[in-house]
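Chemist:
There are 2 protein chains.
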Amino acid sequence: MAYTSPGKTREKIYDFVRERILSGTPPTTRDVQRAFGFRAVQSARQHLEKLVFEGKLAKVDGRSRGYRLPEFGKAVPPQLIAMLGRVQAGELTEAMEDPPEYIMVQTRFDDDELFALTVEGESMLHAGILPGDVVIVRRQPTASPGDIVVALVGDEATVKRYRERDGRVELHPENEAFDPIIPREDGAPFSLLGKVIEIRRSVE
Amino acid sequence: MAYTSPGKTREKIYDFVRERILSGTPPTTRDVQRAFGFRAVQSARQHLEKLVFEGKLAKVDGRSRGYRLPEFGKAVPPQLIAMLGRVQAGELTEAMEDPPEYIMVQTRFDDDELFALTVEGESMLHAGILPGDVVIVRRQPTASPGDIVVALVGDEATVKRYRERDGRVELHPENEAFDPIIPREDGAPFSLLGKVIEIRRSVE
DNA sequence: TGACATAACAGACAAATGTCTGTTTTTTGG
DNA sequence: CCAAAAAACAGACATTTGTCTGTTATGTCA
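Chains as they are written, first to last, in my numbering: chain F, 56 to 259; chain S, 56 to 259.
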């Protein structure tokens, strides 16, 4: 490879490695070599080791594809969580799609206490939650008044604002066209699935 | 390792591998061997290959740590994009925070044509965009009527609905309390920064 | 019980990958 | 221009990892 001014190529290598780590497969030393057209492995290795020395990359010695992003030590690591779909027999199951879909989130919660769901209906319009929005939910059996929660009412998953009134749970829509759900009153089986911690909308 | 009934161990291996892939480092055959206490590499390999055959895992032959989640072949790779902050001298610059903040997105667009921004104000309330929401924006100099765009009006970045009327550009809020902005009329310098492609809200 | 499929083991080779020593070329900065 | 630093190259060895052939043990099911 042609000679470049100090740091120039290193920066590109950093970008390349970062990209690869984020996409799920850290590169091997020779991956980097090939990607940059080095004629010697050592050229790639030198840059990589320097990046580690500078603290811009971390590394597990001796293991293949051992480069990591250091900031993930302290910062919130990205996690993939499953998109859940239909409601079946009283519980949410993975969507029908054969390849189950995942979305990437960054939270301090553990990924197995999280799931995501596509919102149907306009009952939370005034809370800024529209049909088609994806909500990311943390599984928890209880909630605090004011929380936006996902609950199973009958065999339908629904997103509502959690309230308490006279010691009873109430699920409030945020749209005048809908009525509050007062679980024990209308006899529908009720269970709290979790609390909404993030909302996403794609508008391409 | 003790003998187990058919499929039993295989299922656990699948969970193990999936976990490892999701957490960023696919395991090696011998990682699996060790994790399950097999005394032969082939034991692990046999299970892994069968999982691939069943379609539950995908694999890049010959490469180290070559196991993948099958759905990931086509999925969009995640990217980190910069959170932009204040408006300075007519253009958006990176927020003051020393460690520049990044957020992870998955889109088909290139990461250097994307940026993210925190929404201030309630002018897009009825479009489900609240103060504090993060919008992910694709830089583009033009837009189509109906798009939600980010524009620089004066020296303030603003999120509005893009409209055209009599061949003139209009920026419409979605909240009666605000008035449309008709750029060339009130003489304020105007430039279109880009189009909003995603909205995110954290509600922890 | 016996035939068959599956699970697990043994040992080895080959390819990929990490690592090393030393040299040459180019850039940088005074 | 010169010395020092950085970049790139060359070639090799060691370890890790993928892969293979064949064998033994255990579970399944009629």
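A virtual CB, placed ideally from N, CA and C, is assigned to each residue, including glycine.
Measure the C-alpha to C-alpha separation of Leu180(F) and Asn230(F) and round it to an integer number of angstroms.
Modeler: Translated into the one-based positions of the first sequence, residue 180(F) becomes position 125. Translated into the one-based positions of the first sequence, residue 230(F) becomes position 175. About 6 Å.
Chemist: Is it buried or exposed for Glu253(S), if we count other Cβ within 10 angstroms and need 16 for buried?
Modeler: Position 198 of the second sequence holds residue 253(S). With 16 or more Cβ atoms within 10 Å of its Cβ, Glu253(S) is classed as buried.
Chemist: Could you pull the start and end residues of the alpha helix (DSSP H) that Arg85(S) belongs to?
Modeler: Position 30 of the second sequence, counted from the start, is the residue given in the question as residue 85(S). It spans Thr84 to Phe91 - the alpha helix (DSSP H) in which Arg85(S) sits, taken as one unbroken run.
Chemist: With burial defined as no fewer than 16 other Cβ atoms inside 10 Å of the residue's Cβ, what is the status of Arg85(S): buried or exposed?
Modeler: Walking along the second sequence from the start, residue 85(S) turns up at place 30. When all chains shown are included, Arg85(S) counts as exposed.
Chemist: What's the gap between the Cα of Arg218(F) and the Cα of His227(F)?
Modeler: Here residue 218(F) refers to the residue found at position 163 when the first sequence is read from its first residue. Here residue 227(F) refers to the residue found at position 172 when the first sequence is read from its first residue. Whole-angstrom Cα-Cα distance: 7 Å.
Chemist: The beta strand (DSSP E) with Thr213(F) in it runs from where to where?
Modeler: Taking the first sequence and counting its residues from 1, the one referred to as residue 213(F) is at position 158. Where Thr213(F) is concerned, the enclosing beta strand (DSSP E) stretches over Glu211 to Arg220.
Chemist: Buried or exposed: which applies to Gln88(F), given that a residue is buried once 16 or more other Cβ atoms fall within 10 Å of its Cβ?
Modeler: Stepping through the first sequence from its first residue, residue 88(F) is reached at position 33. That one is buried.
Chemist: Could you give the distance in angstroms between the alpha-carbon of Ile237(F) and the alpha-carbon of Phe245(F)?
Modeler: To locate residue 237(F), count along the first sequence from 1; it is residue 182. To locate residue 245(F), count along the first sequence from 1; it is residue 190. Taking the straight line joining both Cα atoms gives about 10 Å.
Chemist: Write down the C-beta distance between Ala171(S) and Ile158(S) rounded to the nearest angstrom, noting that I regard them as a contact closer than 8 Å.
Modeler: Locating residue 171(S) in the second sequence gives position 116, counting from the first residue. Locating residue 158(S) in the second sequence gives position 103, counting from the first residue. Rounded, the Cβ-Cβ distance is 5 Å, consistent with contact.
Chemist: In the DSSP assignment, find the beta strand (DSSP E) that holds His102(F) and state where it starts and stops.
Modeler: Sequence index remark: in the first sequence, residue 102(F) carries index 47 (1-based). Premise fails: His102(F) lies in the alpha helix (DSSP H), Val96 to Phe108, not in any beta strand (DSSP E).
Chemist: Quick check: is the beta carbon of Glu109(S) nearer than 8 Å to any beta carbon in chain F?
Modeler: Taking the first residue of the second sequence as position 1, residue 109(S) is located at position 54. So, not an interface residue.
Chemist: Which residues in chain F sit within 7 Å of Thr161(S), going by Cβ to Cβ distance?
Modeler: As a working note, residue 161(S) is residue 106 in the second sequence. In the sequence under discussion, the amino acid at residue 161(S) is Gln, which differs from the Thr named in the question. Simply Met159.
Chemist: So with CB distances below 9 Å, who are the chain F contacts of Ile68(S)?
Modeler: Position 13 of the second sequence, counted from the start, is the residue given in the question as residue 68(S). What Ile68(S) touches in chain F: nothing, since even the nearest Cβ is about 18 Å away.
Chemist: Between Leu248(S) and Arg194(S), is the Cβ-Cβ spacing less than 8 Å?
Modeler: As a first step, residue 248(S) is located in the second sequence; it is residue number 193 there, counting from the start. As a first step, residue 194(S) is located in the second sequence; it is residue number 139 there, counting from the start. Yes.
Chemist: What's the gap between the Cα of Asp202(F) and the Cα of Val192(F)?
Modeler: As a working mapping, residue 202(F) is identified with position 147 in the first sequence. As a working mapping, residue 192(F) is identified with position 137 in the first sequence. Looking at the two C-alpha atoms, the distance is approximately 11 Å.
Chemist: Between Gly183(F) and chain S, is any beta-carbon pair separated by less than 8 Å?
Modeler: Residue mapping note: residue 183(F) aligns to position 128 of the first sequence, counting from 1. Yes, contact with chain S.
Chemist: So what does DSSP say about Ile76(F), is it helix, strand or coil?
Modeler: Against the first sequence, residue 76(F) aligns to sequence position 21. It is helical.
Chemist: Checking 8 Å against the spacing of the C-beta atoms, do Val189(F) and Thr213(F) come in under that value?
Modeler: The residue labelled residue 189(F) in the question sits at position 134 within the first sequence. The residue labelled residue 213(F) in the question sits at position 158 within the first sequence. No, these two residues do not count as a Cβ contact at 8 Å.
Chemist: Since Ile184(F) is in the beta strand (DSSP E), which residue starts that stretch and which ends it?
Modeler: Looking up residue 184(F) in the first sequence gives position 129. Taken as a continuous stretch (DSSP letters only), Ile184(F) belongs to no beta strand (DSSP E), as it is neither H nor E.
Chemist: Show which residues of chain S have a CB atom less than 9 Å away from the CB atom of Val214(F).
Modeler: In the first sequence, the residue the question calls residue 214(F) occupies position 159. Within chain S, no residue comes near Val214(F); the closest Cβ sits about 11 Å away, beyond 9 Å.
Chemist: Helix, strand or coil for Ile237(F), going by three-state DSSP, please let me know.
Modeler: Stepping through the first sequence from its first residue, residue 237(F) is reached at position 182. Note: Ile237(F) maps to coil in three-state DSSP.
Chemist: With the cut-off set at 8 Å, would you say Gln161(S) and Pro196(S) are in Cβ contact?
Modeler: Residue numbering aside, residue 161(S) sits at position 106 when the second sequence is read from its first letter. Residue numbering aside, residue 196(S) sits at position 141 when the second sequence is read from its first letter. Not closer than 8 Å, so no.
Chemist: Against chain F, with Cβ distances strictly below 8 Å, would Leu135(S) count as a contact?
Modeler: Taking the first residue of the second sequence as 1, we reach residue 135(S) at position 80. So yes, Leu135(S) belongs to the interface.
Chemist: Beta-carbon of Glu259(S) versus every beta-carbon of chain F: anything under 8 Å?
Modeler: Numbered from its first residue, the second sequence carries residue 259(S) at position 204. Chain F, which has a Cβ nearer than 8 Å to the Cβ of Glu259(S), makes this yes.
Chemist: Mark Ala95(S) as exposed unless 16 or more other C-beta atoms lie within 10 angstroms of its C-beta, in which case mark it buried.
Modeler: Walking along the second sequence from the start, residue 95(S) turns up at place 40. With fewer than 16 Cβ atoms within 10 Å of its Cβ, Ala95(S) is classed as exposed.
Chemist: On the DSSP letters alone, give me the boundaries of the beta strand (DSSP E) that Arg229(F) sits inside.
Modeler: On the first sequence, residue 229(F) is found 174 positions in, with the first residue counted as 1. Note that residue 229(F) corresponds to Glu in the displayed sequence, not to Arg. Counting along the chain, Glu229(F) falls outside any beta strand (DSSP E), and DSSP gives it neither H nor E.
Chemist: In this structure, what does DSSP give as the bridge partners for Met159(S)?
Modeler: Taking the second sequence and counting its residues from 1, one reaches residue 159(S) at position 104. Looking at the DSSP assignment, Met159(S) forms a beta bridge with Leu135(S).
Chemist: Who are the neighbours of Glu253(F) on chain S, taking C-beta pairs under 9 Å?
Modeler: On the first sequence, residue 253(F) is found 198 positions in, with the first residue counted as 1. What Glu253(F) touches in chain S: Arg255, Arg256, Ser257, Val258 and Glu259.
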